[in-house]
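Here the numbering used here is used: the first residue of the sequence shown is 9, the next is one more, and so on. Reading through the structure tokens given below for one structure.
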Amino acid sequence: MGPQQTQYGIIGYPLGHTLSPAMQNAAFNFLEVDASYEVFALPENKFDDFMMGLKREDNPIFGLNVTVPYKEDVLDYMDSLTPLAEKLRAVNTIFIGKKRNLIGHNTDAPGFLAHLSELNLETANKHVAILGAGGSTRAILGALCMIPERPRLITIYNRTYERLERLLGDLAKRLNLSIVQPVLSVEELQIPKADILINTTSVGLSVDDPCLVPDEDIHPNLFVYDLIYNPAKTALLQTAEAKRAKYSNGLGMLFYQGVLAFQHWAETEIDGAVKEIMRKTLEESLQKTL
Ligand code: ATR
């Protein structure tokens, strides 16, 4: 057997919804790079072995994306973290060097901000309401608190309040969260007065999932952002459409975080033509799942 092909991939569990392989493999094909991007669906009992195996010299994996539920768990295995990943204590991209050193990056936060900028969505002095306190919330909340265009107020609600408290307690050690107000109910999010509503929960991933927000809270001056991109239009986004609010799903964030991840692995910037292929492939793959 000759040398194994270089591999990249995504780890998480479950991974049924991921569009990352289509996007990353399209870039490899276009650039004629001899590498593949695989899906590593890791149940909890396989996670430690897999992570320890990344250190082995003969391991063909040189880069990974990390998704639910491992964005925090992988921190223990990193040899170093970028300052952003350290601030957020969340890693969604791993770079593996020739000496098998693991570097943890966070491309979710800049990916989210790049998408907001594409959408021309202004955050400075706005009231942002957030649903959720899971793995992706760290990047969203952290990003909004770190940028110069800080919102005036972020109200945030999670079904399990203790989880939200823990998340904020941890982030507060490294970030200024003075604009963040955790609340105990959806009503207290004050969506009728808010400018932007962001869903970071997994509610909506299943087509039968309900909308977590009462219909009458959604208004035409609200921008509704759902991190979920598959299905492309969750019950929340359908309500936004019916109420004539502007809205977006999270496909753009997936795209930008994926471009940034690719650039970390390639250790170079990629040009517009590659990005176009990645975006087009994502959009086409999503169409196919409909
Ligand atoms: P991710 O990494 O994608 O954020 P996660 O860490 O599993 O995924 O977090 C899922 C989020 O969706 C959490 O905020 C979770 O709320 P809890 O902390 O109360 O579990 C939220 N969520 C999941 N199912 C929900 C439901 N049926 N109603 C309300 N929130 C829900």
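Backbone N, C-alpha and C fix where the C-beta goes; we use that ideal spot for every residue, glycine too. Computed from a predicted structure; not experimentally measured.
Of the residues the options, the one placed nearest residue i, counting alpha carbons only
i	options	result
L129	F231, D87 and L220	F231
E46	K63, D66, D57 and G24	G24
Q15	S293, A147 and F48	F48
R182	L50, G112, E94 and A250	E94
M59	T26, I104 and E195	I104
L294	Y165, L235, L27 and A147	L27
L127	W273, E275, G258 and P200	G258
Q13	E249, F36 and F55	F36
A253	N67, K241, Q271 and N229	N229
E196	D225, R174, F55 and A98	D225
E65	W273, L213, K106 and V211	K106
I138	I204, M154 and Y85	I204
H227	E170, G61 and E249	E249
Which residues DSSP lists as bridging residue i, in chain order
i	result
I138	I164 and I206
E46	G17
I155	Bridge partners of I155: none, in fact.
T101	N73 and H113
DSSP state of residue i mapped onto helix, strand, coil
i	result
L259	helix
P118	helix
K254	strand
S144	helix
Y85	helix
L110	strand
Q189	strand
D234	strand
Y78	coil
T90	coil
I199	helix
A269	helix
A180	coil
A34	helix
R171	helix
I226	coil
K288	helix
D6	Any answer about residue 6 is impossible in this case: the structure gives the chain only from 9 up to 298.
Q12	coil
E40	coil
H123	helix
T276	coil
A281	helix
C-beta contact flag for residue i and residue j at 9 Å
i	j	result
S256	H135	no
D116	M261	yes
N100	N109	no
A202	T163	yes
G140	T90	no
I187	P159	yes
P118	L268	yes
L92	L179	no
Q265	F120	yes
I102	G71	yes
I206	I278	no
I285	A43	no
V76	G143	yes
Q246	C219	yes
D217	K251	no
G20	I69	no
G112	L83	yes
L172	R146	no
Y165	S210	no
Residue burial classification, residue i (beta-carbon count within 10 angstroms, cutoff 16)
i	result
T297	exposed
K79	buried
G177	exposed
R287	buried
D234	buried
L290	buried
V215	exposed
G280	exposed
N184	exposed
P22	exposed
T276	exposed
P51	exposed
G212	buried
N73	buried
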